[in-house]
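Student: For reference, the structure I am asking about is given below.
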Ligand SMILES: Nc1ncnc2c1ncn2[C@@H]1O[C@H](COP(=O)(O)OP(=O)(O)O)[C@@H](O)[C@H]1O
Ligand SMILES: [Mg+2]
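In the working numbering, the protein residues as written are 256 to 525.
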């Protein structure tokens with residue numbers, strides 16, 4: 256279970272470039288729940304995931320994972336509990352290492368046993384089975400460098416690697432956005448398979464309204480560093496992509512109104 260309470264993050268505070276990326280976010284995610292995060296560019300989606308993963312410390316607020324306060328934990332310590340997949344297929348894996356080596360590294364995260372152990376005997380067979388189950392034929396290429404794979408194949412492996420240790424939390428940040436439609440579909444199918452197999456608690460940022468509407472059991476919409484919509488239960492089950500698009504449109508109008516009002520106020524006081 257993830258519990259985020261009142262987190263705030265301002266970049267370049269006190270300078271002309273100040274950005275209030277998170278302005279008080281509260282979020283509680285039940286174990287095994289899959290929450291999609293949507294919002295316009297710059298609304299704070301990635302900052303929310305980065306704050307949870309520990310890419311930086313938040314200015315205010317607390318982050319708890321499975322009952323433990325991890326607010327002041329460094330990123331590498333959180334990485335033992337949190338799996339992550341980013342947009343860039345090249346960011347999650349080491350290109351010159353083989354598929355087997357990459358998987359071995361991922362599977363031993365947070366464990367004392369060495370790489371060679373993971374690459375031998377029963378452990379290797381187990382890894383091979385997991386790769387074979389993805390249905391991409393990569394089990395026959397375990398000793399090839401990962402750099403020889405396509406973007407979609409790499410992203411599939413990154414996903415497998417992040418799910419391998421059954422993380423307390425899986426963070427996906429537009430992990431299909433850089434892929435061609437066919438590869439994106441494939442990676443989304445795998446995502447579904449892994450999450451359902453291990454009942455992973457998941458926070459997935461997506462630009463795709465069909466993904467947001469049809470996958471997972473909850474959708475939150477962010478705007479200007481805040482959560483402005485939170486849809487779950489029967490409302491989520493009924494949700495269609497068009498409903499989300501109209502929420503974006505409502506938000507755009509409201510923000511436009513705010514802008515005009517602010518302009519009028521400015522005009523009155525200058
Ligand atoms: N590491 C950072 N340093 C400075 N500014 C950042 C950083 N990360 C995000 N921002 C800024 O914070 C705001 C929210 O960004 P982000 O969370 O990446 O938006 P989203 O993922 O919703 O598109 C943007 O204005 C962005 O430029
Ligand atoms: Mg982003």
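Backbone N, C-alpha and C fix where the C-beta goes; we use that ideal spot for every residue, glycine too.
#1: Give me the pocket residues for ligand 2, defined as CB within less than 7 Å of any heavy atom, sorted by chain position.
#2: DSSP three-state label for residue 516, please.
#3: Using a Cβ-Cβ cutoff of less than 6 Å, which residues in the same chain neighbour residue 300 once the five nearest sequence positions on both sides are dropped?
#4: Can you pull the DSSP bridge partners for residue 328?
#5: Start and end of the beta strand (DSSP E) containing residue 261?
#6: Measure the C-alpha to C-alpha separation of residue 542 and residue 493 and round it to an integer number of angstroms.
#7: DSSP puts residue 319 in a beta bridge; with which residues?
#8: Skipping 5 residues on each side, what residues in its chain have a beta carbon closer than 6 Å to that of residue 260?
#9: Assign residue 487 to one of three DSSP states: helix, strand, or coil.
#10: Among 463, 258, 273, 304, which has the Cα closest to the Cα of residue 286?
#11: Measure the alpha-carbon distance for residue 394 versus residue 491 and round it to whole angstroms.
#12: Could you check what DSSP says for residue 441 in three-state terms: helix, strand or coil?
#13: Quick check: is any heavy atom of ligand 1 less than 8 Å from the C-beta of residue 476?
#14: Would you kindly report the start and end of the unbroken beta strand (DSSP E) that includes residue 278?
Tutor: Well, looking at it:
#1: 300, 301, 428, 429, 460
#2: helix
#3: 292, 294, 460, 477
#4: Residue 328 is not bridged to any residue.
#5: 257-266
#6: Examination of residue 542 is not possible in this model, given that the chain is present from 256 through 525 alone.
#7: 258, 324
#8: 281, 316, 317
#9: strand
#10: 258
#11: Taking the straight line from one Cα to the other gives about 37 Å.
#12: helix
#13: no
#14: Here the beta strand (DSSP E) through residue 278 covers 274-284.
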